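Encoded as structure tokens, the structure appears first; notes follow it.
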Amino acid sequence: MNARGYCLKERKLEGRIPDSFISDVLAKTDLIELIGARVNLKKSGSNHMGCCPFHQENTPSFSVSATKQLYHCFGCGVSGNAIGFLMEHDRLDFVSAIEELSARLGMEVPRDKKEAGPDNRPLYQLLANIQLFYQQQLINKDNQHAKDYLKNRGLTGEIVKQFAIGYAPESWDALTKAKGISQQACEQLVTTGMSIKKDQGGYYDRFRDRIMFPIIDRRGRTVGFGGRILTKGEPKYLNSPETPLFHKSREVYGLYQVLQTKQKLEHLLVVEGYMDVVGLAQFGIHYAVATLGTALTVDHLQLLFRHCNKLIFCFDGDKAGINAAWRALENSLGAIKNGRQMQFLFLPEGEDPDSMIRKESKEAFEVRVANAMPLSKYMQSHLSEQCDLSSVDGRSQLASLARPLLAKIQDEVYRDLLNQAFQKITGTVHKISPQSEADRPFSNSSDNQIPSVGYRSEFRGSGYKTPYKKFNKSPIRVQKAKPPSLMRQTIGRVLQDPESVKELEDWTWLESYQESGAQLLLQLLQKIKESPQITTAQLIEYWRDTSMYSHLMALVNWQNDLAMEDKRQELAPLFLRLQENAKKAKLQNLLQESKTRPLTTQEKQAIQQLLLETSKTSPK
């Protein structure tokens with residue numbers, strides 16, 4: 139820490155993510171692609187522009203820079219890099235944002251040797267080994283009936299391999315024998331939910347005589363399994379229990395395979411079963427996922443909306459399917475914002491996506507998908523069916539049913555338009571206010587909570603708090619700021635174009651300069667010297683945990699309308715003026731010192747040299 143209080147905050151926390159890895163992730167992330175999956179961006183000069191996802195606007199003021207790898211809204215002032223965008227838009231904590239970016243790049247987040255939480259890598263490896271074991275059992279000649287089942291369901295060897303489908307033998311101890319019978323191995327099988335401990339001692343396999351579907355997270359790790367029984371018995375489908383690795387309310391089946399196609403997702407089709415996902419993929423529909431035997435949760439929605447702006451829920455047309463669809467609608471209302479859309483597709487009674495696409499064709503099924511019912515229409519239809527709209531009482535009942543549902547919607551424009559649609563039906567006029575933050579179900583997501591010790595927070599320490607902000611729904615009027623000081627202008631130009639620093643010859647004089655911001659500028663220059671290819675986004679990330687971060691972001695966006703060449707030409711003159719100010723300040727200090735004490739010979743020589751240098755630059 140220097141006298142002015144500017145320093146790079148030391149982040150030597152146990153189990154932290156190395157700064158070098160964070161910088162590497164930012165360097166490899168395409169911010170245009172990341173934000174473009176969530177916001178409609180269009181090329182505008184050297185940048186991309188779109189409507190800001192953090193406040194309501196009609197004229198695009200949200201700018202994304204490919205060169206800086208930063209975004210900035212001229213309307214509400216929000217700025218940041220790829221990490222900041224995921225934290226603010228997807229409401230992730232810092233570590234989750236790093237993991238999300240790493241998963242997109244196929245990178246594994248490293249940990250320092252000292253970790254605050256448990257090391258689950260052996261458990262992941264165990265499940266990977268079990269997945270291979272089940273795949274080997276499927277091709278074992280003793281298990282021909284399992285292969286026959288898959289063939290009868292119309293699955294090809296290629297699709298079976300793509301989804302790593304396997305078979306759990308009809309044995310009580312196949313896994314125990316396969317892994318050996320050491321106490322550690324058996325306990326790990328219990329921890330992962332693959333074996334159950336007997337009351338009287340010993341262990342037995344949870345999955346027996348079942349077709350096995352590995353549940354793979356976005357990072358390609360097997361976290362659990364779903365099993366379909368081959369003989370008569372219940373339950374027909376059995377999932378892994380909740381474990382340290384598997385939380386069914388946070389995972390969806392098939393998302394990993396969808397992401398592996400590297401396609402630009404226009405929408406995701408949310409279906410109900412493993413076979414629906416696999417069957418659709420075999421016919422070329424590679425955008426289907428399934429929840430895992432549980433109703434749609436806020437965490438599911440957060441996860442899916444990170445990858446596209448439209449979800450289409452596909453349900454059977456029977457009573458159970460209709461009930462499931464309505465639960466999905468109720469749970470989804472709080473997630474409607476920033477242009478997100480939800481639609482509902484109901485299949486004929488007795489049909490599911492797998493059977494439907496086999497009866498029709500990919501083209502016919504995609505026509506159904508294209509004609510899916512918008513959430514607004516489904517909501518009006520479902521509620522209207524419960525009321526006698528020919529009577530005053532019935533219309534009043536409809537208004538009463540709709541009001542609490544509309545209040546869950548946080549997107550002001552969408553809520554008002556849907557409210558107007560109901561008013562046309564009921565003949566009532568009623569202003570709908572959104573639920574408060576405290577009452578809002580959507581805000582109860584685990585994504586909004588500060589991670590507990592031992593779960594992700596160990597990377598930054600248990601006291602780390604998610605720094606995302608809540609933004610107003612309407613544009614913020616940004617007051618015109620006074621012109622920045624010379625120091626701030628210089629820091630701003632260094633941040634905006636780190637490459638231009640190579641034109642500066644010497645900055646050692648900053649070490650003794652007492653001007654506010656001098657040590658911050660020195661640290662920036664040293665960082666750039668250490669990493670000459672560093673981008674603006676990488677550079678400011680080193681200050682994320684400091685009080686200077688917001689000030690640096692403001693300087694990054696200062697005079698954002700100037701061409702880069704103009705900014706680059708300004709740096710050297712700014713730096714020279716700053717150096718002249720430093721010389722004058724040093725001269726003034728020495729002259730003041732001479733009034734209180736005798737100066738040394740060296741100090742007197744310094745005064746003579748400074749007088750000579752400053753006189754050359756003084757205006758005539």
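Going by the working numbering, the letters in the sequence shown line up with residues 139 to 758, in that order.
Ideal placement from N, C-alpha and C gives every residue a C-beta, glycine not left out.
Keep in mind it's a predicted model, so treat the numbers as computed, not measured.
Exposure of residue i, with buried meaning 16 or more beta-carbon neighbours within 10 Å
| i | result |
| --- | --- |
| G422 | exposed |
| D531 | exposed |
| E101 | Within the shown structure, residues of the chain are numbered from 139 to 758, placing residue 101 beyond reach of any answer. |
| I334 | exposed |
| Y551 | Just to set this straight, residue 551 is Val in the shown sequence, not Tyr. Burial call: exposed. |
| R465 | exposed |
| L658 | buried |
| E668 | exposed |
| A428 | buried |
| P352 | buried |
| Q743 | exposed |
| G488 | exposed |
| Q558 | exposed |
| P373 | exposed |
| Q717 | buried |
| G244 | exposed |
| L771 | Given a span of 139 to 758 for the chain in the structure shown, any question on residue 771 remains unanswerable. |
| K124 | What the structure shows of the chain is the stretch from 139 to 758, and residue 124 is not part of that stretch, so it cannot be assessed. |
| K206 | buried |
Three-state class that DSSP yields for residue i in the structure shown
| i | result |
| --- | --- |
| F484 | strand |
| V233 | helix |
| I423 | coil |
| L376 | strand |
| Y394 | helix |
| H210 | strand |
| Y287 | helix |
| F451 | strand |
| M350 | strand |
| K181 | strand |
| L737 | coil |
| T360 | strand |
| M187 | strand |
| M511 | strand |
| F200 | strand |
| L383 | coil |
| A428 | strand |
| Q479 | strand |
| I563 | helix |
| A277 | A quick correction: the sequence has Ile, not Ala, at residue 277. It is coil, neither helix nor strand. |
Residue i at chain E interface by Cβ criterion, 8 angstroms
| i | result |
| --- | --- |
| K402 | Judged by its chain identifiers, the structure shown contains no chain E, having just a single protein chain. |
Expected contact under 8 angstroms - CB spacing of residue i and residue j to nearest Å
| i | j | result |
| --- | --- | --- |
| F503 | A537 | At roughly 37 angstroms, the Cβ-Cβ gap does not stay under 8 angstroms, so F503 and A537 are not in contact. |
| L368 | A284 | 6 angstroms |
| V694 | L208 | 6 angstroms |
| R357 | A175 | Their Cβ separation, rounded to whole angstroms, is 18 angstroms, which puts R357 and A175 out of contact at 8 angstroms. |
| T314 | L327 | 7 angstroms |
| L513 | F482 | 7 angstroms |
| V177 | P191 | 5 angstroms |
Rounded separation between residue i and residue j - CA only
| i | j | result |
| --- | --- | --- |
| R533 | G565 | 8 angstroms |
| L397 | I547 | 29 angstroms |
| G215 | E226 | 13 angstroms |
| V361 | A545 | 37 angstroms |
| S470 | N267 | 37 angstroms |
| A540 | D490 | 30 angstroms |
| Q664 | N377 | 54 angstroms |
| D157 | Y680 | 8 angstroms |
| D492 | D414 | 5 angstroms |
| E325 | P260 | 12 angstroms |
| V416 | S499 | 15 angstroms |
| D724 | S650 | The identity of residue 724 in the sequence shown is Lys, whereas the question assumes Asp. Cα-Cα distance, rounded: 9 angstroms. |
| H210 | F232 | 19 angstroms |
| V247 | S732 | 58 angstroms |
| A220 | V632 | 20 angstroms |
| G477 | L690 | 30 angstroms |
| I495 | L393 | 20 angstroms |
| Y687 | T738 | 42 angstroms |
| Q740 | A720 | 18 angstroms |
Any non-hydrogen atom of the ligand GTP within 7 angstroms of residue i CB
| i | result |
| --- | --- |
| S685 | Absent from the structure shown: the ligand GTP. Ligands present: none. |
For the segment 434 to 446 against the segment 398 to 416, do three or more pairs of beta-carbon atoms, one drawn from each stretch, fall closer than 8 angstroms, so that the two count as touching?
yes
Should the segment 158 to 167 be called in touch with the segment 180 to 193, which here means at least 3 C-beta pairs below 8 angstroms?
Between the segment 158 to 167 and the segment 180 to 193, the count of C-beta pairs closer than 8 angstroms stays below three; the two stretches do not touch.
Hey, is the segment 305 to 317 in contact with the segment 272 to 280, meaning 3+ C-beta pairs nearer than 8 angstroms?
yes
With contact counted as at least three CB pairs below 8 angstroms, one residue from each stretch, are the segment 672 to 679 and the segment 635 to 650 in contact?
yes
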